[in-house]
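Step one of this worksheet: look at the structure below.
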Amino acid sequence: MNEPDSVPRRRDAAATRRKLLTAAREEFARSGFAGARVDEIAAKAGVNKQLVYHYFGDKDAMYFAVLEWIYAEIREYERDLKLNGLSPDNIIRRLIESSFDYLAVHPDLVALLNDENRNGAPHISSFRNLTPSNSPLLGVITKALTHGVREGIFRKGVNPE
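Residue numbers (my numbering): 2 to 162.
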């Protein structure tokens, strides 16, 4: 009869990767990219340091995966705003209010973006799918500004970005 400890456990790659990303997100937000340590991330995730390299290749790739995750969350949040039918000024107001609400709930985003910007945005600027200009809301903002100019609510020449 097999002892419970002698039964080989099956690895859950998705769960391990999720634990690593969660730990990395916390560590990068707390320490910045330069200050974050792979050893610390692995320890927080409760896994062997070698799994970081197995799943991500290196620290840069893991950081980029964290940024992708954050931007995917933001895009999902943006899609759920339900802006159809609002007047141009209410669309812009709702976008601003929801941005502050989002940042209040996700302070790690502020810390990560501050660190990235302080260092010249080397990660975000090198990957087009992470840039704010790829937000689906850019089209909504452009349309709201255009309609707002026609209605005399907004002045001409405002850059939607």
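Glycine residues also receive a C-beta, built at the ideal position from the N, C-alpha and C atoms.
- Out of LEU139, GLU74, HIS107, PRO89, the CA that lies nearest to the CA of GLU152 is found in PRO89.
- Setting aside the 5 residues that flank it on each side, GLU27 is surrounded in the same chain by LYS45, ASP109, each with a C-beta closer than 8 angstroms to its C-beta; the list follows chain order.
- DSSP places ALA44 in the helix class (H, G or I) of the three-state scheme.
- The DSSP-derived three-state label of GLU79 is helix.
- Taking a cut-off of 8 angstroms for Cβ pairs, the region 95 to 114 and the region 10 to 21 do not touch, as fewer than three such pairs fall below it.
- Below 8 angstroms, enough C-beta pairs join the region 111 to 122 and the region 33 to 44 to call them touching: three or more.
- A check of alpha carbon separations from ARG12 across GLU41, ASN49, VAL39, ALA24 identifies ASN49 as the nearest.
- CA-to-CA, the gap between VAL53 and VAL39 works out to about 7 angstroms.
- When rounded, the separation of the alpha-carbon atoms in LYS60 and GLU77 is 26 angstroms.
- For LYS157, the secondary structure class from DSSP, reduced to helix, strand or coil, is coil.
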